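Student: For the sequence shown, the positions run 27 to 621 when our numbering is used. For every residue, glycine included, the Cβ atom is placed at its ideal position computed from N, Cα and C. None of the values given here were measured: they were computed from a predicted structure.
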Amino acid sequence: MNSAVKNEKLNNWIKEVAEMCQPDDIYLCSGTKEEYDLMMAKLLASGSAIPLKKRPNSFLFRSDPSDVARVEDRTYISTSSKDEAGPTNNWVAPAELKNTMKGLYKGCMKGRTMYVIPFSMGPIGSPISKIGVEISDSPYVVCNMHTMTRVSSKVLELLDAGEDFIPCLHSIGAPLAKGQKDVQWPCAPIENKYISHFPEENLIWSYGSGYGGNALLGKKCLALRIASAMAKREGWLAEHMLILRLTNPEGKQYHIAAAFPSACGKTNLAMMQPSIKGWKCECIGDDIAWMKIGTDGRLHAINPESGFFGVAPGTSYDTNPMAMDTIKENIIFTNCALTDDGDVWWEGINDAVPSHLIDWKGHDWTPDSQGDAAHPNARFTAPAAQCPVICKDWENPKGVPIDIFIFGGRRSSVVPLVYEAYSWDHGVFLGATAASETTFANIGAVGHLRRDPFAMKPFCGYNMGDYFQHWFNMGEKLGSKAPRIFYVNWFRKNQDGKYLWPGFSDNSRVLKWMCERVDNKVNAEKSPIGLLPKEADIDLAGLNISSENMKELMEVSLKEWKAEIPDIENHFATFGKRLPESLKKQLKELAARLG
Ligand code: TSX
Ligand code: MN
């Protein structure tokens, strides 16, 4: 098979990995539909995939109960010095980590096929795109990579033309002895799982997990952790952001990139349909944005992915109808429940709870059963092209020019619905201090405030203090062409614990105000925390919300905000000497404005 690969670096790497992992076979992927069908046929035959009668060409997988999510405490940024990885990352020296992992990789693919998966993050040939090659022993990973990235032999042609690639090595860590029967979801025990990144040499080594971000290495590992380090070196941005296009009734387009921590409804916002007349919203991406300064001096964004790896529980025709219409066919479901008539089900999909299901562990489930029928982190893998509101420019190699950045979090109090940064530097401060209250969906105490700067805490591939400085530097380069920056909170509650803002489609009203700010159509009110909308400037037409509720939603309490300062100081202190002076200055200015 190596005859098909002319690139010397790739050939050598394939040979080296094969010698170490000792697979029975090597298969070079081409990315065709026939190949996807072949892999899925293999997964059906082995009993790993369950065909769904109700959804054409769609399949359900059940993972091992120990392999259900990203494993942050087994994720490493392995730079030559610990300080380069910074306080938000786990660190082991490269030589030591490689030594440990080589021990695990030795013979780890025995009894299995080694798949070589050439892929592009971003449209093939776009100047913003990057090439990766994942080696994996999991056919489930091959199928997911087909949907989530552009797997293609065209990528090999780009390598022949002199482009470089990022090697991404993955093994589930479950070799098979001769005659040994495979299990439904092979993987390694938690203490042997490693998700390792070597940003100084653009290299990824993952071992022991078959799940999502641990195994589909183009996504979090390449497109965020490795890409963020490359972006810092090369002067661009790799961010954990959705991208959407808003069009106003006059036909003017606005492009928005938004970063939220988990459990804030990022995918829902990415596919949101406006409730205000004449406005249109289209999806470009729901998770990752790569942005470069174009010849026009503006920031242009692409979505490096080609699919959605979305959390299923909570997704419904009420919360995200466009996602529901995206996942009707050609979908991989993981850890959802199975209905008796051959469909998937999850908590929050509709009001009717079936009287009988097979739960995500493969056991009978009834409404009286203990625990959820679907795992809270159950997923759908869906082609982005199937989204009914995918933007016609979602694969434009030039990207789309970003007008607005949004940061946000889930706060039941203190933080108003929306405010605007005074300046780029103030906006960087808002990103750097972004925080969210934990929910049932997170681990840890419910209602506890967690700082997740730029929603990048688990995904920044270098010292986060330097990351903040990189954002200040980008602002300097962009000058007057920099996007405007806003902060939102859809989740403020009243004294009775009721949400004050209807959210979802009505968030378009907030986005409209942002567009009008960009066009200088409306003035804003200065407040200590930033610029607030004037009462009449949020379009509430057709909404049944009282003026008292709006006041409560927009209230900025000096007392509550002063109480935030020590927490921000503690957060900043974790970055030590690497904390940019500009962030200290912003904090001082906030404190002064609060009086
Ligand atoms: O995704 C959400 N968004 C963004 C939508 C574009 N969610 C779901 C969060 C969990 C992932 C929201 N939940 C949003 C929101 O704007 N707002 C809320 C809170 C909320 C929930 C229910 C109602 C109102 C607000 N109303 C009724 O249930 C009728
Ligand atoms: Mn994400």
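Since Asp451 is in the alpha helix (DSSP H), which residue starts that stretch and which ends it?
Tutor: Trp450 to Ala458
Student: Using DSSP bridges, identify the partner residues of Arg405.
Tutor: Assignment of beta-bridge partners to Arg405 by DSSP yields Val337 and Thr360.
Student: With DSSP collapsed to three states, give me the class of Cys309.
Tutor: strand
Student: Measuring CA to CA, which of Ala284, Gly304 and Ile221 is closest to Trp117?
Tutor: Ile221
Student: With H, G and I counted as helix, E and B as strand and the rest as coil, what does DSSP make of Cys194?
Tutor: strand
Student: Any chance the segment 417-430 sits against the segment 322-338, with 3 or more Cβ pairs inside 8 Å?
Tutor: The segment 417-430 and the segment 322-338 touch, with no fewer than 3 CB-CB distances between them shorter than 8 Å.
Student: Using three-state DSSP, classify Gly277 as helix, strand or coil.
Tutor: coil
Student: Judging by CA-CA distance, which residue of Ser534, Lys611 and Asn361 is the nearest neighbour of Pro275?
Tutor: Ser534
Student: With distances taken Cα to Cα, identify the nearest neighbour of Tyr448 among Asn170, Leu616, Gln48 and Pro149.
Tutor: Leu616
Student: Given 8 Å as the limit, is there contact between the segment 572-580 and the segment 589-596, that is, 3 or more CB pairs closer than that?
Tutor: no
Student: Could you name the residues that DSSP lists as bridge partners for Gly158?
Tutor: Answer is Phe145 and Ile192, bridged to Gly158.
Student: Reducing DSSP to helix, strand and coil, say where Gly556 ends up.
Tutor: strand
Student: Output needed for Ile428: all residues of its chain with C-beta closer than 6 Å, excluding positions within five of it in sequence on either side, in chain order.
Tutor: His281, Ala283, Leu325, Ala327 and Pro509
Student: Measure from the alpha carbon of Val441 to the alpha carbon of each residue in Ser395, Pro300 and Phe512, then state which is nearest.
Tutor: Phe512
Student: Quick check on this structure: which residue in Cys47, Cys417, Phe494 and Val31 has the alpha carbon closest to the alpha carbon of Thr273?
Tutor: Cys417
Student: Identify every run of the alpha helix (DSSP H) within the segment 535-603, keeping only runs that are complete inside it and at least 4 residues long; order them along the chain.
Tutor: 573-580, 584-588 and 591-599
Student: Quick check on Thr77: does DSSP put it in helix, strand or coil?
Tutor: Reading off the sequence, residue 77 comes out as Pro, not Thr. Looking at Pro77 - three-state DSSP - the assignment turns out to be strand.
Student: If we ignore side chains and look at the alpha-carbon of each, how far apart do Ala255 and Lys219 end up?
Tutor: 23 Å
Student: Could you tell me whether any non-hydrogen atom of ligand 1 is closer than 7 Å to the CB of Cys309?
Tutor: no
Student: Would the beta-carbon of Ser74 fall within 8 Å of that of Tyr166?
Tutor: yes
Student: Leaving out five residues on either side along the sequence, give the residues of the same chain with a beta carbon under 7 Å from the beta carbon of Ile154.
Tutor: Gly148, Trp316, Lys318, Ile328 and Gly425
Student: Check whether the Cβ atoms of Phe334 and Thr293 lie closer than 8 Å to each other.
Tutor: yes
Student: What first and last residue would you give for the beta strand (DSSP E) that runs through His223?
Tutor: Tyr220 to Phe224
Student: Quick check: does the Cβ of Leu295 come within less than 7 Å of any heavy atom belonging to ligand 1?
Tutor: yes
Student: Which residues neighbour ligand 2 when neighbourhood means a C-beta less than 6 Å away from any of its non-hydrogen atoms? List them by chain order.
Tutor: His266 and Asp313
Student: Does the segment 201-219 come close enough to the segment 257-266 that 3 or more CB-CB pairs lie under 8 Å?
Tutor: no
Student: Do Cys309 and Gln299 have their beta-carbon atoms positioned less than 8 Å apart in this structure?
Tutor: No, Cβ-Cβ distance for Gln299 and Cys309 is not below 8 Å.
Student: At what residues does the beta strand (DSSP E) containing Ser235 begin and finish?
Tutor: Unbroken run through Ser235: none, as it is neither H nor E.
Student: When DSSP labels each residue in this structure, what does Phe485 get in the three-state scheme?
Tutor: coil
Student: How long is the line joining the alpha carbons of Tyr102 and Ala408, rounded to whole angstroms?
Tutor: Cα to Cα, Tyr102 sits roughly 28 Å from Ala408.
Student: Any chance the CB of Trp372 is under 7 Å from a heavy atom of ligand 1?
Tutor: no
Student: Just how far apart, CA to CA, sit Phe433 and Gln412?
Tutor: 27 Å
Student: Would you say Pro402 touches ligand 1, meaning its beta carbon is less than 7 Å from a heavy atom?
Tutor: no
Student: Taking 7 Å as the cut-off, is the beta-carbon of Asn533 closer than that to any non-hydrogen atom of ligand 1?
Tutor: yes
Student: If you run the structure through DSSP and keep just helix, strand and coil, what is Ser462?
Tutor: It is a strand residue.
Student: Does Gly234 pass the burial test, meaning 16 or more other C-beta atoms within 10 Å, or should it be called exposed?
Tutor: buried
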